[in-house]
Structure formats: structure tokens, C-alpha cells
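Our numbering puts the sequence shown at residues 20 to 128.
In this text, a Cβ means the ideal position worked out from N, Cα and C, and glycines have one as well.
Predicted model only: the values in this text are computed from it and were never measured.
Worksheet: the structure to be examined is printed underneath.
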Amino acid sequence: MNTVDANKVPPKPKRFLTAYNFFFMHERALCLGPSSNNNETSQPNSSTLANANNSQSAAQQRANTKRKHTKTHGKIAFLDLTMLISKKWKGLNSEERKVFDDLAKKDLE
């Protein structure tokens with residue numbers, strides 16, 4: 020046996036994403052999308068929730084390679100974005116939240 024192979028540590032498995040992580044990714048895409056003009060009052064409707072439900076699994080979205088550096092969008096500061104999205108998360112009703120809970124359960128499997 021080669022000593023290099025014996026000392027090699029296998030990579031750690033990636034952590035699963037929570038329902039809030041999926042909601043954050045979905046809302047961030049809505050806020051920063053090309054057609055959005057920083058519309059902070061938008062509420063998720065049935066069509067946007069259906070699009071979130073039909074998205075690829077998180078395991079397929081996350082690649083094993085590092086992301087290349089991209090310039091910031093300049094539309095909204097990260098702190099403001101997180102405060103906005105967290106307020107929306109707290110205001111979701113149970114049926115809207117269920118979509119993101121289901122996505123999180125799929126990612127856990």
C-alpha cells in the first residue's frame with residue numbers, strides 16, 4: 020500500500036439545506052432578478068411557489084468545484100436583503116412554507 024493513499028483524508032459530505040435556505044435562495048433570485056427593480060413588497064404567489072417546487076434538487080445545484088468570483092449586483096446590501104427575506108419568512112403561512120419544507124426533506128434524503 021502506498022503511504023500517500025493511507026494519509027489521504029476523504030472529503031466531508033455536504034450538509035443538507037433547510038427550508039429557510041431554499042426560501043432564501045428563491046427570494047434572493049426574485050429580488051435580484053433582471054426583471055426586478057428592487058420590488059421589496061412582492062409576496063410569493065402560487066406560480067412562484069410552483070417554480071420553486073420544480074427546481075432541481077440542491078445536491079444537483081451544488082457542484083464540487085469552487086465558485087468563481089463575481090462582481091456584486093449593487094442593488095441591495097446583503098444585510099438589508101437578509102432582513103427583508105427573514106421578515107417574509109416569518110410572515111409565511113403554513114401552506115406556503117410547506118413547499119420549502121418539502122424541498123428540504125428531499126434534500127435530506
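Take Trp108, set aside five residues on each side of it, and the residues of its chain with a beta-carbon closer than 7 Å to its own are Tyr39 and Phe42, in chain order. Separation of the CB atoms of Phe35 and Leu111 is rounded to 20 Å, and the pair is thereby denied contact status at 8 Å.
In this structure, DSSP gives Thr37 a state outside helix and strand, which the three-state scheme calls coil.
The C-beta distance from Ala123 to Thr37 rounds to 5 Å, short enough to meet the 8 Å contact threshold.
When C-alpha distances from His92 are compared across Lys31, Gly52, Pro29 and Lys27, the shortest belongs to Gly52.
Annotation: Lys27 is outside any alpha helix (DSSP H) and is labelled neither H nor E by DSSP. Here Glu115 carries a helix assignment [DSSP, helix/strand/coil]. Judged by DSSP secondary structure, Ile104 falls within the alpha helix (DSSP H) whose first and last residues are Phe97 to Lys109.
For Thr101, the closest of Ser113, Arg47 and Val118 by C-alpha to C-alpha distance is Arg47.
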